[in-house]
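*Asks:*
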Amino acid sequence: MATTPQGSTSTPAPMLDIRDLRVSFPTDDGVVHAVNGMDLTLARGETVGIVGESGSGKTVTSQALMGLFKDTSATVTGEIRLDGEDLVPLTEAQMRAYRGKKIAMIFQDPLSAMHPFYPVGAQIAEAYRVHNKVSKKAAAAVAVDMLGRVGIPDPARRYSSYPHEFSGGMRQRAMIAMALVCEPELLIADEPTTALDVTVQAQILDLLGELQSETGASVIMVTHDLGVVAEVCHQVVVMYGGECVEQATVADIFRDPRHPYTQGLLASMPSLAGKSERLAPIPGFPPSLLALPDGCLFADRCPQTHLVPDQACTTTRPTLTGGAGSASHPSRCHLTLTEPVREVAR
Amino acid sequence: MTPLLQVTDLTKHFPVRGGAPGSVAPIFAGPRRLARTLAAPGKDPSSSATRDSARHAESTHQTPRSDPQTSARHPLGSSLLRSQRGLIKAVDGVSFSVDAGQTLGLVGESGCGKSTTGRLLMRLLDPTSGSIRLDGQEIAELRRSGLQEYRRRVQMVFQNPSSSLNPRQSVGSAIAAPLLAQGIEPPGGVKAKVRDLMDRVGLRPDHYNRFPHEFSGGQKQRVGIARALALDPHLIICDEPVSALDVSVQAQVINLLQDIQRDTGVAYLFIAHDLSVVKHFADRIAVMYLGRIMEHGPTHEVFGAPQHPYTRALLSAVPQAAPDADRSGRIRLTGDLPSPADPPSGCVFRTRCPAYAQLGAEHQELCRTKVPHRAVACHHTELVGERLRTAVAATD
Ligand SMILES: Nc1ncnc2c1ncn2[C@@H]1O[C@H](COP(=O)(O)OP(=O)(O)OP(=O)(O)O)[C@@H](O)[C@H]1O
Ligand SMILES: Nc1ncnc2c1ncn2[C@@H]1O[C@H](COP(=O)(O)OP(=O)(O)OP(=O)(O)O)[C@@H](O)[C@H]1O
Ligand code: SF4
Ligand SMILES: [Mg+2]
Ligand SMILES: [Mg+2]
């Protein structure tokens with residue numbers, strides 16, 4: 001990897017500062033609370049990984065950062081400060097100046113993010129022309145170059161291919177080319193390598209790392225591949241039920257996972273080295289986002305509730321607290337408030 | 001004993017289309033929605049292009065207009081029909097078999113033809129040549145009732161959960177659709193069966209009347225799995241069924257697929273990128289590169305002692321979920337994936353083979369001129385181990 005995960009280098013003004021972000025959607029069945037008080041800070045040039053349960057609000061958080069809910073029925077509250085400026089109150093028209101140029105996103109699902117009836121290369125050239133006043137010809141040359149950089153073979157010829165003519169992985173690389181073409185300062189990569197095999201994944205992660213060190217961009221890497229997290233991220237945010245349940249450096253999350261959900265997540269990974277026993281998923285389902293419980297959102301699946309006095313897990317929502325020990329990192333669990341109890345739990 | 005599925009020399013070539021980069025200008029000049037109306041279902045039902053387009057029209061909430069003339073008159077339509085030069089050899093002489101109750105893992109570089117293989121097996125595409133036999137029966141010869149029976153017995157879970165679901169259909173009716181299409185009335189009724197399937201894949205009962213856009217990627221994939229299970233198939237082609245899922249849900253789904261296999265004896269063709277998942281799940285594994293199979297065999301053998309340089313590179317590139325893991329000794333593939341329209345002569349992997357540069361002129365000559373028709377598609381399996389160690393040591 002071009003960027004080796006090091007300890008975080010905290011700068012005084014973070015590139016991105018998210019405070020108490022909440023996103024909800026009105027539906028026929030009631031209000032879906034998809035993001036419920038998300039906090040995150042990200043320094044310039046750093047990479048933060050967001051991992052968590054399917055449906056825990058990772059994509060919705062990313063979409064909110066991109067301002068994609070501006071003219072929709074969704075409700076977005078809280079603060080999203082990019083370079084100190086809050087993006088939440090901006091209108092759709094104001095947001096357009098940021099999108100693509102300052103923040104860009106690589107979508108989880110490239111097929112629905114690309115227009116099916118324009119050649120892939122033309123879509124990249126057009127993305128470039130939105131923020132750069134150049135001729136179509138010059139933009140096309142930039143697009144061909146970009147396609148080559150993300151490893152599309154024969155880029156000049158593939159410029160005029162349509163999205164359906166690419167394999168899943170090639171589409172994802174084209175999507176990455178489209179996001180990178182304006183050299184954004186904050187890149188949100190929503191599962192950028194999910195559709196890629198490991199050798200191309202390694203190339204793409206290298207490419208993202210190169211761009212990052214060239215431009216000093218910050219990267220939010222949404223992924224469920226904990227191997228990718230271990231290799232490219234500095235910080236990790238673990239999400240569950242639309243909340244950040246734990247934030248730590250990469251080293252700490254693997255060495256000392258604090259939230260029982262994080263512990264369960266790490267335990268359910270299949271391993272290349274080990275024997276093939278039955279996998280150990282976390283039993284149960286995530287809570288319905290239509291009616292969130294009062295207590296901890298993980299309580300009905302948590303194996304450690306009995307260690308917390310007064311049934312606090314089912315009655316009181318834990319806050320994201322720093323824990324007792326000096327070397328501890330924040331975790332949204334009643335147990336982490338008292339170091340000795342946590343030791344018993346393990 | 002005849003295997004459940006026997007694939008021999010399967011080949012699929014696509015025509016290459018394309019114009020000069022300048023030719024897109026008139027398309028951009030036209031309004032966006034004009035292009036969308038081109039989402040008319042085409043005349044050729046075997047073309048995946050029109051299938052995908054039709055699906056896409058649905059996902060952009062446009063009503064597909066069924067006027068095939070539109071596409072021929074429009075500038076974009078004509079560019080689609082324009083010059084066809086060359087052939088993309090998406091699948092190029094692939095052979096494998098799957099026994100009942102078994103899982104074959106299919107892995108390999110993005111674009112190497114795994115999904116195309118799956119679509120050929122589903123009969124969503126017609127092969128250019130080669131044979132596919134289910135229980136000894138050649139499927140190209142199936143007609144009407146035989147074909148309907150085949151479509152019941154072989155199901156697919158798609159790579160892309162969003163575009164395989166109709167956005168205007170509730171997930172309950174999406175799961176019920178295959179039952180209704182085949183006219184099957186399960187004991188207890190369709191609704192009860194659907195609820196049972198939803199429960200099996202870990203969807204909540206209150207999801208029944210919800211629509212796909214209200215679901216996360218992982219939840220959509222569970223809908224796809226429930227739908228594939230509806231007809232109690234004998235073979236399920238799983239095209240990256242768990243790559244959209246977090247590791248805990250992934251573990252649930254894999255355990256679920258294993259339980260179903262144990263209970264019903266269903267076989268899986270399991271396409272995946274995550275090698276640790278394939279290792280855990282598959283009995284046998286086939287490694288593909290540029291439309292061909294490079295190496296295949298029992299999973300523990302291929303993982304335990306990979307022979308082909310590509311397999312070795314693949315295994316060494318797996319990200320380790322441990323920040324302080326030893327990352328030396330990695331084989332990095334450099335260079336671009338060759339175009340499947342113009343594959344290298346001889347061994348298709350030679351342009352990126354890390355062992356190739358370390359070989360003598362005579363050995364290289366063989367790589368360049370002869371296709372390795374061996375169990376492991378490499379001329380020099382005996383040499384590459386040592387050569388790769390030299391190559392890795394040189395870059396470290
Ligand atoms: N437009 C919408 N209307 C209603 N509910 C929505 C909408 N978009 C998302 N949701 C719901 O919000 C929740 C969070 O979805 P999101 O896509 O952010 O999950 P995710 O963490 O990205 O999951 P995955 O890992 O599966 O991609 C899900 O329960 C989803 O059903
Ligand atoms: N309809 C089509 N027309 C032209 N070329 C196509 C078509 N469908 C696939 N191809 C090409 O065939 C090759 C194999 O594609 P396929 O989707 O089978 O790859 P894959 O192995 O599934 O890749 P991934 O892992 O990225 O999903 C690619 O080069 C692709 O561009
Ligand atoms: S045949 Fe030659 S080029 Fe191909 S994999 Fe073997 S050593 Fe490498
Ligand atoms: Mg998502
Ligand atoms: Mg595929």
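Taken in sequence, the protein lines are chains A and P.
Each residue of the first sequence is one higher than the last, beginning at 1 in the UniProt record's numbering.
Each residue of the second sequence is one higher than the last, beginning at 1 in the UniProt record's numbering.
Beta carbons: idealized from backbone N, C-alpha and C, even for Gly.
Given the structure is predicted, the values throughout are model-derived calculations rather than measurements.
#1: Quick check on this structure: which residue in Ser-112(A), Cys-233(A), Gly-57(A), Gln-203(A) has the alpha carbon closest to the alpha carbon of Arg-332(P)?
#2: Within the 8 Å Cβ cut-off, does residue 397(P) reach chain A?
#3: Does ligand 5 have a heavy atom nearer than 7 Å to the CB of Ser-328(P)?
#4: Do you know offhand how far Gln-358(P)'s Cα is from Cys-333(A)'s?
#5: List the whole-angstrom C-beta distance separating His-379(P) from Cys-353(P), where the pair is believed to meet the contact cut-off of C-beta under 8 Å.
#6: Can you check DSSP and say which residues form a bridge with Pro-298(P)?
#7: Using a cut-off of 8 Å between C-beta atoms, extract the partners of Ala-179(A) located in chain P.
#8: Please report the residue range of the beta strand (DSSP E) in which Phe-298(A) lies.
#9: With 16 other CB atoms within 10 Å as the buried threshold, where does Ser-79(P) fall?
#10: Please confirm whether Ile-188(A) and Leu-42(A) have their CB atoms less than 8 Å apart.
#11: Do Pro-287(A) and Pro-293(A) come within 8 Å of each other at the CB atom, strictly closer than that value?
#12: When the Cβ atoms of the segment 115–133 of chain P are set against those of the segment 296–304 of chain P, are three or more pairs found closer than 8 Å?
#13: Taking a Cβ distance cut-off of 7 Å, strictly less, list which residues of the segment 273–304 of chain P are near chain A, in chain order.
#14: Between Glu-243(A) and ligand 1, is there a pair consisting of the residue's CB and a ligand heavy atom that are separated by less than 7 Å?
#15: Listing by chain order, which chain A residues have their CB less than 7 Å from the CB of Asn-166(P)?
#16: Reducing DSSP to helix, strand and coil, say where Tyr-208(P) ends up.
#17: Quick check on this structure: which residue in Gly-49(A), Pro-14(A), Leu-82(A), Ser-73(A) has the alpha carbon closest to the alpha carbon of Leu-65(A)?
#18: Residues of the segment 270–284 of chain A with a CB closer than 7 Å to any CB of chain P: list them in chain order, please.
#19: How is Ser-110(P) classed by DSSP in three states: helix, strand or coil?
#20: Arg-204(P) versus chain A: which residues are under 8 Å apart at the beta carbon?
#21: Could you check if Glu-214(P) belongs to the surroundings of ligand 1, using beta carbon to heavy atom distance under 7 Å?
#22: Beta-carbon of Gly-218(P) versus every beta-carbon of chain A: anything under 8 Å?
#23: Please work out which residues of its chain come closer than 7 Å, Cβ to Cβ, to Pro-3(P), disregarding the five sequence neighbours upstream and downstream, and give them in chain order.
#24: If you run the structure through DSSP and keep just helix, strand and coil, what is Asn-255(P)?
#25: Hey, is the segment 16–34 of chain A in contact with the segment 204–222 of chain P, meaning 3+ C-beta pairs nearer than 8 Å?
#26: Listing by chain order, which chain A residues have their CB less than 9 Å from the CB of Pro-354(P)?
#27: Could you tell me which residues DSSP puts in a beta bridge with Pro-15(P)?
#28: Excluding sequence positions up to five away, which residues of its chain have a Cβ less than 7 Å from the Cβ of Gln-63(A)?
#29: Do you know how far the Cα of Cys-313(A) is from the Cα of Leu-297(A)?
#30: Closest Cβ-Cβ distance between Pro-293(A) and chain P: below 8 Å?
#31: Let's see if you can read the secondary structure: which residues bound the alpha helix (DSSP H) around Leu-203(P)?
#32: Between Thr-59(A) and ligand 4, is there a pair consisting of the residue's CB and a ligand heavy atom that are separated by less than 7 Å?
#33: Report, in whole angstroms, the separation of the C-beta atoms of Val-250(A) and Pro-323(P), which I expect to be a contact under 8 Å.
#34: For Arg-195(P), does the three-state DSSP call read helix, strand or coil?
#35: For Tyr-98(A), list the residues DSSP reports as bridge partners.
#36: Kindly say whether Ile-254(P), judged by its beta-carbon, lies nearer than 8 Å to any beta-carbon of chain A.
*Replies:* The short version:
#1: Gln-203(A)
#2: What is shown of chain P runs 1 to 396, which leaves residue 397(P) out entirely.
#3: no
#4: 55 Å
#5: That pair is no contact at about 10 Å.
#6: Arg-284(P)
#7: Within chain P, no residue comes near Ala-179(A); the closest Cβ sits about 18 Å away, beyond 8 Å.
#8: Neither: Phe-298(A) is in no beta strand (DSSP E) and is coded neither H nor E.
#9: In this prediction, Ser-79(P) scores a pLDDT of 40, lower than 50, which makes its location untrustworthy; the coordinate-derived value is nonetheless stated afterwards. Answer is buried; the Cβ neighbour count reaches 16.
#10: no
#11: yes
#12: no
#13: His-273, Leu-275, Ser-276, Val-277, Lys-279, His-280
#14: no
#15: Neighbours of Asn-166(P) on chain A: none; closest Cβ ~13 Å, over 7 Å.
#16: coil
#17: Leu-82(A)
#18: Pro-270, Ser-271, Leu-272, Ser-276, Arg-278, Leu-279, Ala-280, Pro-281, Ile-282
#19: coil
#20: Phe-285, Ser-288
#21: yes
#22: yes
#23: Ser-97, Val-98, Asp-99
#24: helix
#25: yes
#26: Result: empty, since nearest Cβ-Cβ is about 11 Å, beyond 9 Å.
#27: Leu-87(P)
#28: Phe-69
#29: 9 Å
#30: no
#31: From DSSP, Leu-203(P) is part of no alpha helix (DSSP H); its letter is neither H nor E.
#32: yes
#33: 5 Å
#34: helix
#35: Paired residues: none, contrary to the question.
#36: yes
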